[in-house]
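In full-length UniProt numbering, the protein residues as written are 1 to 248.
Each residue gets a CB set at the ideal place from its N, CA and C atoms; glycine is no exception.
Presented below is the structure to which this report refers.
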C-alpha cells in the first residue's frame, strides 16, 4: 500500500487568479517536501513564476489559506520566493491540492505604483532624463568650463602685466569691449595673442626706450655701415688686382 505523502521534494503547481474580475489564470510552480517532521526543508515551500502584479500581500493571502505563514522572502528578481510555515500542515495541504482544477481567487487591490511592463518602462525613463535635461546639464557644464578657461586667461594676462609693467590694449572693430581685473578697457584679446604681442613689444621698447639707448643704437649702426664700406673697398681692390673688376 502506497503512502499518502511522497518522500522528497515534489512539484505542486497552484492555479490562481490575482484579483476579482480578471479572467487570467496564473500558474505558480511550487516545490514542497511534505514530510512529517518540522525540519526546515519540510516547512519551506519554494515558489517560482510569480507574476509582476502579485504583491507580497497577495502571496501572504494565497499561502495563508494552507496554514500559518511564518515568513515570505521574495528574491531579488521578485519572480520567485520562499515561504516558511510554522508547521508541516501548510506544505502538506499544498501538496494535496495539486489535483484541484479550480483556480484560487485572490482579493488584492491593484498596486499603487506601476508594475510589469509599465513599471519597467517608468524605471527606464527615470534612469534616462531625456534630451531637455541632458541639454541643461550640458549647458551648465559648458558655462562652467568657459568660466574656468576665462579665469585661466585672466590669470595669464595678469601675470604678463606684472612681468612687463605694461597693459596691452588692442582694438577690434565690432567686438564687445570689457573691463579686466585691472580696470583697463580692452577689446577682449586672447591670452596667447596678448602674450606674444607683449613679448614683441617688450623687445622693441626695452631696446630703444631711453635717449642714451637710441644714441648708442645709432652709433652702432654707423659703425656697422663704416665697417661694411671698408670691406667693400678691400674687395674691389682685390678684384682690380686680379683684373676681374669690370664696372662697365
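Of the residues assessed, residue 91 falls on the buried side of the cut-off, its CB having 16 or more other CB atoms within 10 angstroms. Listed in chain order, the non-local C-beta contacts of residue 78 below 8 angstroms within the same chain comprise 50 and 52, local neighbours out to five positions each way being set aside.
Under the DSSP assignment, residue 70 falls in the beta strand (DSSP E) whose first and last residues are 69-74. In the structure shown, residue 142 adopts helical secondary structure according to DSSP, grouped into three states.
Three or more pairs of CB atoms, one per stretch, sit closer than 8 angstroms, so the stretch 82-90 contacts the stretch 60-70.
Between the beta-carbon of residue 9 and that of residue 31 there is about 5 angstroms, and that keeps the pair under the 8 angstroms contact cut. Per the C-alpha coordinates, the member of 33, 235 and 47 positioned closest to residue 41 is 33. Residue 241 counts as exposed, since fewer than 16 other C-beta atoms from the protein chains shown sit within 10 angstroms of its C-beta.
For residue 44, the pairing in a beta bridge is given by DSSP as 84.
Close CB contacts of residue 108 within its chain, under the 8 angstroms cut and outside five residues either way in sequence, are with 18, 19, 54, 55, 57, 58 and 61 (chain order). For the set 76, 72, 25 and 100, the Cα lying nearest the Cα of residue 12 is the one of 100. Residue 226 sits exposed, since fewer than 16 C-beta atoms from the chains shown fall within 10 Å of its C-beta. Annotation: residue 150 to residue 126 spans about 35 angstroms, alpha carbon to alpha carbon. With respect to the 8 angstroms criterion, residue 94 and residue 45 are classified as neighbours on the basis of their beta carbons.
Counted as a single uninterrupted DSSP element, the alpha helix (DSSP H) harbouring residue 228 occupies residues 211-241.
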